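These notes are about the structure you will find just below.
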Amino acid sequence: MLSVTRSILVSAPRERVSEYLRDLSRLSDYEQKVDQCSVTYPDAQTGIAEISGKYFGLPWRGVFKMEYTQDGGYRSEMVRGPFKRVTGGFHLRTVSGGTLLTHDEHYVLSVPFSFLKPVLRRWLSRTMDLELGVIKEGAERLHRLRLLENIDRDVRIPA
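Heads up: the sequence shown begins at 5 in the numbering used here, then just goes up one per residue.
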């Protein structure tokens with residue numbers, strides 16, 4: 005099994021980070037391995053994402069089931085795709101200064117590809133750091149937008 009976990013501090017409350025992440029149509033904005041994404045929501049706690057993109061420079065397609073978690077993030081599992089098994093997710097924890105966002109990915113590789121683990125681990129760490137940076141910027145921007153919306157709603161200037 006190949007597992008990689010990365011974290012970042014987001015200067016926004018957990019609710020805003022969750023709001024950003026739970027809009028699964030944003031996957032292609034932050035997920036480095038996804039170029040296109042189509043999402044359906046079978047129920048309020050689940051999303052199904054059909055994606056295509058490049059993995060380690062090679063084209064690939066997959067379908068993932070995402071289940072929202074109580075901490076505001078989600079767990080994902082590949083239900084169709086090129087790997088034996090892929091799981092991952094995002095976890096949120098309120099900390100001083102904002103939200104600690106942790107991202108993990110776990111791959112079960114077939115035996116012929118096991119020798120690639122060290123290279124894939126470094127590559128995944130880099131792509132996950134980039135993803136977390138994009139999510140951080142997006143969630144912080146969403147937080148500022150919501151603050152401005154609250155100010156606009158509270159302050160009514162007569163015309």
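Just so you know, even glycine gets a beta-carbon here, dropped at the ideal spot from N, CA and C.
As the structure is a prediction and not an experimental result, all values here were calculated from the model.
Of the choices SER42, VAL21, ILE52, VAL90, whose alpha-carbon is the least far from that of ASP75?
As a working note, residue 75 is residue 71 in the sequence shown. If we check each option's Cα against that of ASP75, VAL21 comes out closest.
Looking at C-beta atoms only, is the number of pairs between the stretch 108 to 116 and the stretch 25 to 34 that lie closer than 8 angstroms three or more?
no
ASP47 by DSSP, collapsed to three states: which one?
Residue numbering aside, residue 47 sits at position 43 when the sequence shown is read from its first letter. The answer is strand: DSSP assigns ASP47 an E or B state.
Apart from the five residues just before and just after VAL115, which ones in its own chain have a Cβ nearer than 7 angstroms to its Cβ?
Numbered from 1 along the sequence shown, position 111 holds the residue referred to as residue 115. Excluding residues within five positions, none has a Cβ falling inside 7 angstroms.
Quick check on DSSP: helix, strand or coil for THR73?
Taking the sequence shown and counting its residues from 1, one reaches residue 73 at position 69. Three-state result, THR73: coil.
Using 8 angstroms as the cut-off, can you tell me whether the stretch 138 to 154 makes contact with the stretch 54 to 62, which would need three or more C-beta pairs spanning the two stretches below that distance?
no
Of the residues SER11, PRO17, LEU13, VAL8, which one's Cα is nearest the Cα of ARG150?
Working through the sequence shown from its first residue, we reach residue 150 at position 146. Closest by alpha carbon: PRO17.
Beta-carbon contacts of LEU146 that lie in its chain and below 8 angstroms, excluding the five residues immediately before and after:
Position 142 of the sequence shown, counting from 1, holds the residue named residue 146. Cβ neighbours of LEU146 beyond the five flanking positions: ALA16, ARG20, GLU23, TYR24.
What residue range is occupied by the uninterrupted beta strand (DSSP E) comprising ARG26?
Here residue 26 corresponds to residue number 22 of the sequence shown, with the count starting at 1. Counting along the chain, ARG26 falls outside any beta strand (DSSP E), and DSSP gives it neither H nor E.
Are the CB atoms of LEU13 and LEU104 within a distance shorter than 8 angstroms?
What you label residue 104 is simply residue 100 of the sequence shown in a count that begins at 1. What you label residue 13 is simply residue 9 of the sequence shown in a count that begins at 1. Yes.
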